[in-house]
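J.: Using numbering that gives the first Met the number 0, you'd call the opening residue of the sequence shown number 0 and step up by one each time. I have a structure I would like to understand better, so I am pasting it below and will then ask my questions one at a time.
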Amino acid sequence: MTVEESAALISWASEGFTTSYFVLYEQIEPNDNFGKAMIANLKARGCPLLSILAFPTLADQERRFLGLNWDYVEAWSMEDVYEKVVVKNMGERRRVDSLEFLDELEEWKLFNRHYCIVIASHTQGDSSTAQRPNEASDSTTMTGDGRMRFTELSVPVGPAKKKITSSSRTFFT
Numbered sequence: 000m001t002v003e004e005s006a007a008l009i010s011w012a013s014e015g016f017t018t019s020y021f022v023l024y025e026q027i028e029p030n031d032n033f034g035k036a037m038i039a040n041l042k043a044r045g046c047p048l049l050s051i052l053a054f055p056t057l058a059d060q061e062r063r064f065l066g067l068n069w070d071y072v073e074a075w076s077m078e079d080v081y082e083k084v085v086v087k088n089m090g091e092r093r094r095v096d097s098l099e100f101l102d103e104l105e106e107w108k109l110f111n112r113h114y115c116i117v118i119a120s121h122t123q124g125d126s127s128t129a130q131r132p133n134e135a136s137d138s139t140t141m142t143g144d145g146r147m148r149f150t151e152l153s154v155p156v157g158p159a160k161k162k163i164t165s166s167s168r169t170f171f172t
């Protein structure tokens, strides 16, 4: 999608609903050697990245959504998502790390630094509160403010987990 087309979609999602959530998986960091090779490779496969140069960093991705009147936005590299969300439990982390499922772990980490997930939330009439996450605040607990945060996400990894569903949420034990 072009920058203009994606802006129209992102704006539509926040303007068309009382409460909106948006999740975006996007490529970033086009200016180093890996980024240049990634762009060339995808272009050669018929998938040109039409907005990567307009939003090359995590901060640019956050500004993209804030500029389109989203109330709250976080952009994390896939490396950070893996490190801080996928494997929160250190025992589980050691188990997953010991699997060595890749021959070249450093290449996998480099790849993950060039992809990101952006999560954004918006409530109609609340655009005056648009902000980036406050690094100093403790966002590890549910605040009930309707904002979607990475630190509230949990991804089950490892042996099958028992699924428990309450009235509005699903948990794994």
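Glycine is no exception: its CB is placed at the ideal position from the N, C-alpha and C atoms.
Please state whether DSSP places residue 127 in a helix, a strand or coil.
T.: Because residue 127 sits at a pLDDT of 48, beneath the cut-off of 50, its placement in the model cannot be relied upon, and the following sentence gives the value as read from the coordinates. Note: residue 127 maps to helix in three-state DSSP.
J.: Where does residue 118 sit, in a helix, a strand or coil, going by DSSP?
T.: strand
J.: Would you identify the three-state DSSP class for residue 82, choosing helix, strand or coil?
T.: helix
J.: Can you give the Cα-Cα distance for residue 21 and residue 75, rounded to whole angstroms?
T.: 14 Å
J.: What's the gap between the Cα of residue 112 and the Cα of residue 123?
T.: Their Cα atoms are separated by approximately 33 Å.
J.: Go ahead and label residue 7 buried or exposed: buried means 16 or more other beta carbons lie within 10 angstroms of its beta carbon, across all protein chains shown.
T.: exposed
J.: How would you label residue 73, buried or exposed, when you count the other beta carbons within 10 angstroms and need 16 or more for buried?
T.: buried
J.: With distance defined between alpha-carbon atoms, name the residue in 116, 38 and 34 nearest to residue 80.
T.: Considering only 116, 38 and 34, the residue with the shortest C-alpha distance to residue 80 is 116.
J.: Which of helix, strand or coil does DSSP assign to residue 50?
T.: coil
J.: Roughly how many whole angstroms lie between the Cα atoms of residue 0 and residue 18?
T.: 24 Å
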